[in-house]
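In terms of our numbering, the sequence shown opens at residue 18 and continues consecutively. Ideal Cβ positions, reconstructed from N, Cα and C, are used throughout, including at glycine. Keep in mind that this is a model prediction, so the values were computed, not measured.
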Amino acid sequence: MTAIIILLCVILISIVLVQIGKVTELTAQIKGEQEVMKDNSKWNAGLGLVFMVVFLVAVFISAYDYRNVMLGYGPLTSASAHGAVLDSLFNVTLFFTGIVFVLTHIALFWFAFKYRYKPGRKAAFISHDNRLEIWWTAIPAVVMAILVVRGLNAWNTVMADVKEGEDYLEIEATGQQFNWIIRYPGPDGKLGARNYKLTSANNQLGQDFKDSKNWDDILPGQELYLPVGKKVRVRITAKDVLHNFYLPHFRVKMDAVPGMPTYFVFTPVKTTTEMRQELKKFPEFNEPYDPADPTGPKRWEKFDYELACAELCGKGHYSMRRIFKVVSQEEYDTWLKKQESFYLTQIHNKDGKENEDPNWDVTLPVESAMIKKELTEAVSAAAGSDEPSAKAIRLDHIHFETGAAALTADSKYELDVLVDILNQYTTLSISLEGHTDNVGDAAANLELSKQRASSVVSYLTSRGIAAARLRSNGWGDAVPAASNDKADGRRKNRRVEVKVLNKVAAAAI
Ligand SMILES: [Cu+2]
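Written as structure tokens, this is what we have:
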């Protein structure tokens, strides 16, 4: 129905226009061509002048009205140290182009009015004017020189890399369809090496786990933290197509190019909380965040610094959104402490990942903190429990020489944690229980399991634990923890367990 009405309107308007044309032609014939042309020119030139004024006024009103959605004004002042340099460059450019815009706009319509058609008037032909040539070459040259010099200066300031010996936090952003993989260095402060050939479903970044710098690297969840006032260097790269690392509030924007690492250095100067307080002053940020929930949180309360991809990289492009929270150094440290190493929690000594872990079955020094946490929690739970099955804890990080009872050197990390627990928990008694898989002679296995259990006891007594608190036992292959059919199961069966013999109040160990 609407379509028919629109079609009818179009037809009627066309008829009206044709009729007006015919009437004009007839009047022209009556009044004479020249007279009509003069009238038309006068009208067109006059209307041009009106447009000139109305348009200019509208431009200034809308610029004023929308000032708060332009970068560098009101709520969108920069939140990084270098941002002000870029914003001022934009302002200087806008100042000069603004002058040119107003002058050419006025000149265009003023000349059209001044030199409108008049009978008998002829155009003046100027073939050459040195003075004019000098003016319109010199002025743009000077303006361009100012802009280019300022621009170069800004580029050198903004793109300056970190200097030798400077204190900074280096993180890594890898773009892929369709998310950002952000990597933080662990306590060592250094990002580990990558090799694209090692990329797999388990190891998305192709981290080379032979490099010890990778062992503590972190791949945090959705929320990312940055300390305020600290220089951040982002290594930017991509796995598939072009992406663009864009943090608009920090004026950070850099292409993520497959095969060509780029970087950006910036210093956040406002915490998320400070920025929210600033936004609170603007009425538009005091509107409800969710229009469907007018009593809910305001827009300023829900503000967060956002990482986006500023390259149309595919149909899921919009989902490449991450949140950066800028916090004080103390809050950042607390957050960082809570993050777990990707390698230690997802790859290292995890079943089915033997091929991807060059340190398979080795206890790494960097693991000791994690071992301590896990074992302390397990012993604490076992000590406070009445359930017999809860009393046994598998020691995951001790290893023996092949076919022998001698402990390997890397077993000390877990056993030293056990020593600490026994020293703090003085009434605790434990039994060390050895188990084997079913490969080989059963009697030999039983003997080996006993020897291995007692070799653990020997280590503990050598570290000063009273022998009266320790027992040892061996079960050979009699008590398997899993089926012996597969290598994985046999690995689970070769083990030493700690059995907590008494109940101790689960006070903090
Ligand atoms: Cu993208």
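Using a cutoff of 7 Å, the CB of MET337 counts as near ligand 1, since one of the ligand's heavy atoms is closer than that. Apart from the 5 residues on each side of it in sequence, VAL251 sits with its Cβ closer than 6 Å to the Cβ of ILE188, ALA190 and PHE281 in its chain, given in chain order. CYS26 carries a helical assignment under DSSP once its states are collapsed to helix, strand and coil. For the options GLU328, ALA129, ASP104 and PRO305, the alpha carbon positioned closest to that of TRP317 is the one of PRO305. With a cutoff of 8 Å on beta-carbon distance, LYS247 and LEU186 are scored as near each other.
For THR279, the pairing in a beta bridge is given by DSSP as ILE253.
DSSP lists no bridge partner for THR284.
Sequence-distant Cβ neighbours of MET387 in its own chain, meaning closer than 7 Å and more than five residues away, are LEU361. With respect to SER358, TRP232 sits close: the two C-beta atoms are nearer than 8 Å. Taking 3 residues as the minimum length, the stretch 98 to 130 contains no beta strand (DSSP E) run wholly inside it. In terms of Cβ geometry, HIS452 and ASN510 form a close pair [threshold 8 Å]. The Cβ neighbour count for GLU450, taken over all protein chains shown within 10 Å, is at least 16; the residue is labelled buried.
In the DSSP assignment, ASP505 falls within the alpha helix (DSSP H) that extends over 504 to 510.
By the CB criterion at 8 Å, GLY91 and PHE341 fall outside the cutoff.
When distances are taken from the beta-carbon of GLY192 to the heavy atoms of ligand 1, the shortest one is below 7 Å.
DSSP places GLN193 inside the beta strand (DSSP E), whose first and last residues are 186 to 193. A Cβ-Cβ contact shorter than 8 Å links HIS99 with PHE283. Distances from the CB of GLU328 to the heavy atoms of ligand 1 include at least one below 7 Å.
Inclusion of HIS334 in the 7 Å shell around ligand 1 follows from its C-beta lying nearer than that to a non-hydrogen atom of the ligand. GLU514 carries a strand assignment under DSSP once its states are collapsed to helix, strand and coil. Ranking VAL513, LEU487, ASN490 and ALA485 by CA distance to the CA of ALA498 puts VAL513 first. The beta carbon of ALA101 sits closer than 6 Å to those of SER95, all from its chain and outside the five residues before and after it, given in chain order.
Burial state of ILE37 is exposed, judged by a 10 Å Cβ sphere holding fewer than 16 other Cβ atoms.
Across the structure, ASP234 and LEU222 are spaced so that their CA atoms are roughly 12 Å apart. Linking GLU295 to PHE302 through their CA atoms gives a straight-line distance of about 10 Å.
Counting every other CB atom within 10 Å of its CB across the protein chains shown gives MET176 a total below 16, marking it as exposed.
Considering only GLY115, ASP146, VAL258 and ASP307, the residue with the shortest C-alpha distance to LYS332 is VAL258. Our two residues, ARG293 and PRO265, have alpha carbons roughly 16 Å apart in a direct line. When only Cα atoms are considered, ASN490 and ASP378 end up about 24 Å apart. Taking C-alpha positions only, THR174 is separated from THR351 by approximately 32 Å.
Relative to ligand 1, even the nearest heavy atom lies 7 Å or more away from the CB of HIS145. In the DSSP assignment, GLY451 forms a beta bridge with GLY491 and VAL513.
Looking at the DSSP output, HIS260 shares a beta bridge with ALA273. Under the 10 Å beta carbon count, LYS287 is surrounded by 16 or more other beta carbons and is classified as buried. Taking non-hydrogen atoms of ligand 1 into account, the C-beta of HIS122 is found less than 7 Å away from none of them. When DSSP states are grouped into helix, strand and coil, PRO244 belongs to the strand group.
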